[in-house]
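Structure record follows, encoded as structure tokens.
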Amino acid sequence: MTATDAFSAGQNTQDIPSRPAAAEMPALSIDGVSHSYGARHALIDIGFTVAPASFTALLGLNGAGKSTLFSLITRLFGIQRGHIGIFGHDVAHAPGEALRLLGVVFQPRTLDLDLSVTQNLLYHAALHGIARRDARVRSREVLARIGLDDRAGSKVRDLSGGQMRRLEIARALLHRPRLLLLDEATVGLDVKARADILNHVRQLVTEQGISVLWATHLFDEIGSNDDLVILHQGRVLAQGKVAQVIADAGGSDINTAFMRLTGSTAQGGSPSS
Amino acid sequence: MISATTIRPIRSGFSLTQYLTCLNGIVWREALRFLHQRERFVSALVRPLVWLFIFAAGFRQVLGLSIIPPYETYILYEVYIAPGLMAMIQLFNGMQSSLSMVYDREMGNMRTLLVSPLPRWFLLSCKLLAGTAVSLLQVYAFLLIAWFWDIAPPPAGYLTVLPALVLSGLMLGALGMLISSGIKQLENFAGVMNFVIFPMFFASSALYPLWRILESSPMLYYVCLFNPFTHAVELIRFALYGQMNWIALAVVGGCTIAFMVGAILAYDPSRGLIRRGPAGGEA
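Those protein sequence lines, which keep their order, are chains A and B. One point on numbering: in the working numbering, the residue at position 260 of the first sequence is 260, and numbering is uninterrupted. Add 1000 to a position in the second sequence, counting from 1, and you land on the number used in the working numbering.
Written out as structure tokens, the structure is:
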């Protein structure tokens, strides 16, 4: 059995919510959510859903409200208005049930640099109540899958930026979530590292049925078959399949559609932008 | 593919084993971080030892001590200040823990903890227990060195002081956690030294008995009397000699609960006392 097979086998008994219609429920539902920092409105009555086993891109410029939305979904901030559900579990009222189905990769690095790769994973596993022996097995599996098994004992500080990101994704998958959030996960990485990570995440969707919400400001990270949500100045301007969003906006591609919808000049398309 | 998988309904809530696993993991991580920071361990020991070896030696001849409970005979000044120095170790450790929480928050590590599905009050309590465990290591290392300096409480005192140290460690850790919730940047933490640690330590019975302070300044006496750190020191002092100071126990216990509730509320996303904004560069 290869490492990938082993990881997939571990996913065969998937934890999903104990609701009758759980399979049909959206992986993530955002309904009428607003959030403000004092007088400044970061999110204004936004709503969209992420379907199970889908890759949904959340496209928006810096400052659009993506990170605020992620903080609300992960309950780092309290929800001021509206509802957020993860497989039918309300984040505000059943945070434990909701968060155990969720894996997150935040925009800033959240690894402990002074601990080793394995120690970071074991710590994360403990925070999800996963017993040490099981955590060690899972750690080996996810490290093999991301090609970091030979760095298991290395200090995180000694990893490259791309390796750290891969480790963060592996960590987010350790407790076998059904929904994965990634907030600008490729920022600061070179072209190859970006492509590797994006491919890896897309494989998670197709091979393991994990639902993904991928926040980005880079157009070239969005595939033609993806679901797309465009967030601009705290509002959802468009959502649907990429082709549909482009057609509705009257653009020829995502770039022109985005410009038509937002009135902004191109921001994405290259990693440096 | 997802269609090929077996659906197993998730259990509601968490088992006791999962809670214990989480507690174990947080304590383990704190211990690892402490061991990686050897300078922190050394400085945690050097600070009270400087007070013991230099300050106390100088003040021994200046400051006369009458026989006061729990002591049954005249004692050296070094013996008197030892419980205060033990509490000082815990005070600095509590503030150090809160400093590391601010650092973790700035660096993003704190998110790893806070997005755990286990209840937030439990996670913060684990963090407190972990910090207290680290402070116990430091206090017992100090007691070991102090023993060579002829500061030797009754052998049973090393055990009877343990619950008092746990409680005072929790109180000071909870205070640090509460303070950390209100500090937005690491740079602001210097103020904690000036406005929390020094006043708490000096306006207490750590260095001089309260009756001495009453003789010199009644107002300062009341400041010391209402200082929770004074009661932490007295709780430790009595416990070290196998006795119980009930007033100190009540004050330290009450303050521990108050500070913990305050910290948990402050870190609660829906009821947080601190209105949080986005981290730098995010929106």
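Every residue gets a Cβ at the ideal spot worked out from N, C-alpha and C, and that includes glycine. It should be emphasised that the depicted structure is a prediction, and the values quoted were computed from it without experimental measurement.
Handout entry: Close-in-space but distant-in-sequence residues of the same chain around A1239(B) (CB under 6 Å, 5 per side omitted)
Key = T1160, V1161 and A1164
Handout entry: Within-8 Å CB hit, F219(A) to chain B
Key = no
Problem - Reference A131(A); option with closest CA among L1023(B), W1147(B), G1157(B) and V1134(B) - result: L1023(B)
Handout entry: Spatial neighbours of V1166(B) in its chain, beta-carbon cut-off 8 Å, leaving aside the 5 residues before and after
Key = T1132 and L1136
Exercise for the section: State the Cα-Cα distance for the pair A21(A) and D90(A), rounded to the nearest angstrom. Expected result: Any reading at A21(A) is ruled out, since the residue's pLDDT is 49, under 50, leaving its predicted position unreliable.
Exercise for the section: Taking I1213(B) as part of the alpha helix (DSSP H), name the residues at either end of that continuous run. Expected result: L1210 to S1216
Practice task
For the alpha helix (DSSP H) holding K192(A), just list the boundary residues, first then last.
Solution key: V191 to Q208
Problem - Own chain, CB closer than 6 Å to A1016(B), minus 5 neighbours either side, in chain order - result: Residue identity differs from the one stated: residue 1016(B) is Leu in this sequence, not Ala. For L1016(B), where only same-chain residues beyond five positions count, there are no Cβ hits under 6 Å.
Exercise for the section: Spell out the partners DSSP gives D1268(B) in its beta bridges. Expected result: The partner list for D1268(B) (beta bridge, DSSP) is empty, contrary to what the question assumes.
Problem - At least three beta-carbon pairs within less than 8 Å, the segment 230-242 of chain A to the segment 35-49 of chain A - result: Because the criterion of three Cβ pairs below 8 Å is met, the segment 230-242 of chain A and the segment 35-49 of chain A touch.
Problem - Range covered by the alpha helix (DSSP H) that runs through A1057(B) - result: Its alpha helix (DSSP H) spans residues A1056 to F1059.
Problem - Contact check, L1175(B) vs G1094(B), beta carbons under 8 Å - result: yes
Problem - C-alpha gap between R1120(B) and A1031(B), whole angstroms - result: 21 Å
Practice task
Would you check if the distance between the CB atom of Q107(A) and the CB atom of S160(A) is smaller than 8 Å?
Solution key: no
Handout entry: CA-to-CA distance, H217(A) to N62(A), given in whole angstroms
Key = 7 Å
Handout entry: Residue burial classification, Y1222(B) (beta-carbon count within 10 angstroms, cutoff 16)
Key = Per the 10 Å Cβ criterion, exposed.
Handout entry: Listed by chain order, chain A residues near Y1019(B) by CB distance under 9 Å
Key = Here the neighbours are G129.
Practice task
From the DSSP output, in three-state form, read off A21(A) for me.
Solution key: Low confidence applies to A21(A): its pLDDT is 49, below 50, so where it sits in the model is not reliable enough to give any reading.
Handout entry: Beta carbon of A170(A) nearer than 8 Å to that of R145(A)
Key = yes
Exercise for the section: Quick one: grab the DSSP three-state call for F1041(B). Expected result: helix
Handout entry: Pairwise C-alpha distance: I1054(B) and R138(A)
Key = 53 Å
Problem - Q239(A): first and last residue of the uninterrupted beta strand (DSSP E) it sits in - result: In this chain, the beta strand (DSSP E) harbouring Q239(A) covers R235 to K241.
Practice task
Could you tell me the distance, in whole angstroms, from the CA atom of G251(A) to the CA atom of R136(A)?
Solution key: 50 Å
Exercise for the section: Using a Cβ cut-off of 9 Å, pull out every chain B residue sitting near P26(A), in sequence order please. Expected result: Here the premise fails: no neighbours, minimum Cβ distance about 14 Å.
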